[in-house]
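>
Protein chains: 2
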Amino acid sequence: MFSQACKYAIRAVLYLAVHASEGKKVGVKDIAAALDVPKYFLAKILQQLSRNNLISSTKGPSGGFFLSEKNREATLKDVVECIDGPDVFNSCILGLPICSSENPCPLHVQAFAYREGLHYQLKHQAIGDLAKRIEREEQKI
Amino acid sequence: MFSQACKYAIRAVLYLAVHASEGKKVGVKDIAAALDVPKYFLAKILQQLSRNNLISSTKGPSGGFFLSEKNREATLKDVVECIDGPDVFNSCILGLPICSSENPCPLHVQAFAYREGLHYQLKHQAIGDLAKRIEREEQKI
DNA sequence: TTAATAAGAGATTTTTTTGTCTTTTATTGT
DNA sequence: ACAATAAAAGACAAAAAAATCTCTTATTAA
Numbered sequence: 001m002f003s004q005a006c007k008y009a010i011r012a013v014l015y016l017a018v019h020a021s022e023g024k025k026v027g028v029k030d031i032a033a034a035l036d037v038p039k040y041f042l043a044k045i046l047q048q049l050s051r052n053n054l055i056s057s058t059k060g061p062s063g064g065f066f067l068s069e070k071n072r073e074a075t076l077k078d079v080v081e082c083i084d085g086p087d088v089f090n091s092c093i094l095g096l097p098i099c100s101s102e103n104p105c106p107l108h109v110q111a112f113a114y115r116e117g118l119h120y121q122l123k124h125q126a127i128g129d130l131a132k133r134i135e136r137e138e139q140k141i
Numbered sequence: 142m143f144s145q146a147c148k149y150a151i152r153a154v155l156y157l158a159v160h161a162s163e164g165k166k167v168g169v170k171d172i173a174a175a176l177d178v179p180k181y182f183l184a185k186i187l188q189q190l191s192r193n194n195l196i197s198s199t200k201g202p203s204g205g206f207f208l209s210e211k212n213r214e215a216t217l218k219d220v221v222e223c224i225d226g227p228d229v230f231n232s233c234i235l236g237l238p239i240c241s242s243e244n245p246c247p248l249h250v251q252a253f254a255y256r257e258g259l260h261y262q263l264k265h266q267a268i269g270d271l272a273k274r275i276e277r278e279e280q281k282i
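Here it is in structure tokens:
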């Protein structure tokens, strides 16, 4: 479903949502260690998210990554599309270019129905709200 | 979700289910052309399916690939697991090793629903029956 | 029984993805 | 101003996935 880079991106964003803020920035090193993820690779991913204004960063001492209030209003759908491109939730599960609701492939109905469920959640839940649920339910990232 | 190889495998099996039989075998070349898929790559995939008795084949003139009646009783779940391995429907969408219903990752519930829905169909519908539906509804493969 | 045919098997190449390292730039506390 | 810090950027390497090519083996029809 998601590329490795995308999985790391989602986890990193959620980690920042829970553990960082304007006043408490976190460096790549710490995030990578906390998530047990390759440091340099994660750095690249964070750069890309930062360039697309999905996360915030500052250089220099006491710098690092965090989520602004604005960032918290974005959704994981934005994150996913930033890393894996805009077609993740639309492309045919069998890779057929002509597949659609009008012209469905043999797996279209089932694939579409259940993928939309995931898509819906990622699209309609702000990252900030998701973070609150994660803290409340003490979920692992 | 599925690797490229797996997508080709599913399509090839469905193609055989609809267009081939014991008495009407089809060669790689024809399948590749019909599905617009790389020939040599498809050949490798068909070999693997054949080794695992998910499709049948004979060499030599008038040889080729087809589905036996036995083959038609298998499911696409078998095909998928043959190519992409047994964890496709079980592994965490974020790649977390500890993720489960008891210890869910932040996306577990929706991701699980998505995959189980698809999994269920692939698991409980015989390839032979699926082929009949495809013919009835004139679906593209 | 031989030439033609088509899958099987193995090796290899290409492309994409993942992961690493080094240098540059911006920022901050002293 | 300056040394230290941390992200940004660019180049590079390794691994995995996708795709291609060649040779071998089995089968069949002439």
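Protein sequences, first through last, are from chains A and B.
Once you know that position 20 of the first sequence is 20 in our numbering, the rest is easy, because the numbers rise by one and skip nothing.
Add 141 to a position in the second sequence, counting from 1, and you land on the number used in our numbering.
The beta carbon of each residue, even a glycine, is placed where N, CA and C say it ideally should be.
Relative to the C-alpha of Ile141 (chain A), which candidate in B:Gly164, B:Asn244 and B:Lys185 has its C-alpha closest?
Numbered from 1 along the first sequence, position 141 holds the residue referred to as residue 141 (chain A). If we check each option's Cα against that of Ile141 (chain A), B:Asn244 comes out closest.
> Alpha helix (DSSP H) containing Phe41 (chain A): first to last residue?
Taking the first sequence and counting its residues from 1, the one referred to as residue 41 (chain A) is at position 41. Where Phe41 (chain A) is concerned, the enclosing alpha helix (DSSP H) stretches over Lys39 to Arg51.
> The beta strand (DSSP E) that contains Gly146 (chain A), what's its start and end?
Nothing in the structure corresponds to residue 146 (chain A), since chain A is present only between 1 and 141.
> With distances taken between CB atoms, is the gap from Ser246 (chain B) to Leu259 (chain B) smaller than 7 Å?
The sequence position of residue 246 (chain B) within the second sequence is 105, counting from 1. The sequence position of residue 259 (chain B) within the second sequence is 118, counting from 1. Correcting the residue type first, residue 246 (chain B) is Cys in the shown sequence and not Ser. For Cys246 (chain B) and Leu259 (chain B), no; Cβs fall outside 7 Å.
> State the DSSP-derived secondary structure class of Val167 (chain B), mapped to helix, strand or coil.
In the second sequence, the residue the question calls residue 167 (chain B) occupies position 26. It is a strand residue.
> Secondary structure at Ala146 (chain B), three-state DSSP: helix, strand or coil?
Taking the second sequence and counting its residues from 1, one reaches residue 146 (chain B) at position 5. The answer is helix: DSSP assigns Ala146 (chain B) an H, G or I state.
> Are the region 267-275 of chain B and the region 111-128 of chain A touching by the rule of at least three beta carbon pairs closer than 8 Å?
No: fewer than three Cβ pairs fall under 8 Å.
> Would you kindly report the start and end of the unbroken beta strand (DSSP E) that includes Thr216 (chain B)?
Here residue 216 (chain B) is taken as the residue at index 75 of the second sequence, counted from 1. Thr216 (chain B) -> no beta strand (DSSP E), and no H or E assigned at all.
> Compare the beta carbon distance of Cys82 (chain A) and Leu54 (chain A) with 7 Å and say whether it is the shorter of the two.
In the first sequence, counting from the first residue as 1, residue 82 (chain A) sits at position 82. In the first sequence, counting from the first residue as 1, residue 54 (chain A) sits at position 54. In this structure, Leu54 (chain A) lies closer than 7 Å to Cys82 (chain A) by Cβ.
> Is the Cβ-Cβ distance between Tyr8 (chain A) and Val28 (chain A) less than 7 Å?
Position 8 of the first sequence, counted from the first residue, corresponds to residue 8 (chain A). Position 28 of the first sequence, counted from the first residue, corresponds to residue 28 (chain A). Not a contact, by the Cβ cut-off of 7 Å.
> I want to verify the contact list: residues of chain A whose CB lies under 9 Å from the CB of Pro245 (chain B), in sequence order.
Position 104 of the second sequence, counting from 1, holds the residue named residue 245 (chain B). Neighbours of Pro245 (chain B) on chain A, chain order: Glu137, Gln139 and Lys140.
> Kindly indicate which three-state DSSP category Ala252 (chain B) falls into: helix, strand or coil?
By one-based count along the second sequence, residue 252 (chain B) stands at place 111. Correct three-state label for Ala252 (chain B): helix.
> Just tell me which of A:Lys77, A:Glu137 and A:Ala20 has its CA closest to the CA of Gly63 (chain A).
If you number the first sequence from 1, residue 63 (chain A) lands on position 63. Checking every option, the nearest Cα to that of Gly63 (chain A) belongs to A:Ala20.
> Classify Thr199 (chain B): buried if its beta carbon has 16 or more other beta carbons within 10 angstroms, exposed otherwise.
Along the second sequence, one-based indexing puts residue 199 (chain B) at 58. Classification of Thr199 (chain B): exposed, given that the 10 Å Cβ count is below 16.
> Using CA atoms only, rank isn't needed, just tell me which of A:Leu94, A:Lys44, A:Lys39 and A:Leu49 is closest to Leu76 (chain A).
For this step, residue 76 (chain A) is matched to residue 76 along the first sequence. Minimum Cα distance to Leu76 (chain A) is reached at A:Leu49.
> Would you mind sorting Asp219 (chain B) into buried or exposed? The rule is 16 or more other CB atoms within 10 Å of its CB.
Numbered from 1 along the second sequence, position 78 holds the residue referred to as residue 219 (chain B). The residue is buried, with at least 16 neighbouring Cβ atoms inside 10 Å.
> Tell me the rounded alpha-carbon separation between Leu35 (chain A) and Arg256 (chain B).
By 1-based counting over the first sequence, the position of residue 35 (chain A) is 35. By 1-based counting over the second sequence, the position of residue 256 (chain B) is 115. So the alpha carbons of these two residues sit roughly 25 Å apart.
> Work out the CA separation of Asp225 (chain B) and Met142 (chain B) for me, nearest whole Å.
Counting from one through the second sequence, the residue named residue 142 (chain B) turns up at place 1. Counting from one through the second sequence, the residue named residue 225 (chain B) turns up at place 84. C-alpha separation (whole angstroms): 10 Å.
> Rounding to the nearest angstrom, what Cα-Cα distance links Leu14 (chain A) and Val109 (chain A) in this structure?
Taking the first residue of the first sequence as 1, we reach residue 14 (chain A) at position 14. Taking the first residue of the first sequence as 1, we reach residue 109 (chain A) at position 109. Distance between the alpha carbons of Leu14 (chain A) and Val109 (chain A): 31 Å.
> Contact criterion: CB-CB distance below 7 Å. Does Tyr114 (chain A) meet it with respect to chain B?
Residue 114 (chain A) sits at position 114 when you count from the first residue of the first sequence. Tyr114 (chain A) counts as touching chain B.
> How about Ser197 (chain B) and Phe207 (chain B): do their beta carbons lie closer than 7 Å?
The sequence position of residue 197 (chain B) within the second sequence is 56, counting from 1. The sequence position of residue 207 (chain B) within the second sequence is 66, counting from 1. Yes, the Cβ-Cβ distance between Ser197 (chain B) and Phe207 (chain B) is below 7 Å.
> DSSP three-state label for Ala32 (chain A), please.
As a position in the first sequence, residue 32 (chain A) is number 32, starting the count at 1. Helix at Ala32 (chain A).
> Between the region 147-176 of chain B and chain A, which residues of the former have a C-beta closer than 9 Å to a C-beta of the latter?
Listed by position, the residues of the region 147-176 of chain B near chain A (Cβ gap below 9 Å) are Lys148, Tyr149, Ile151, Arg152 and Leu155.
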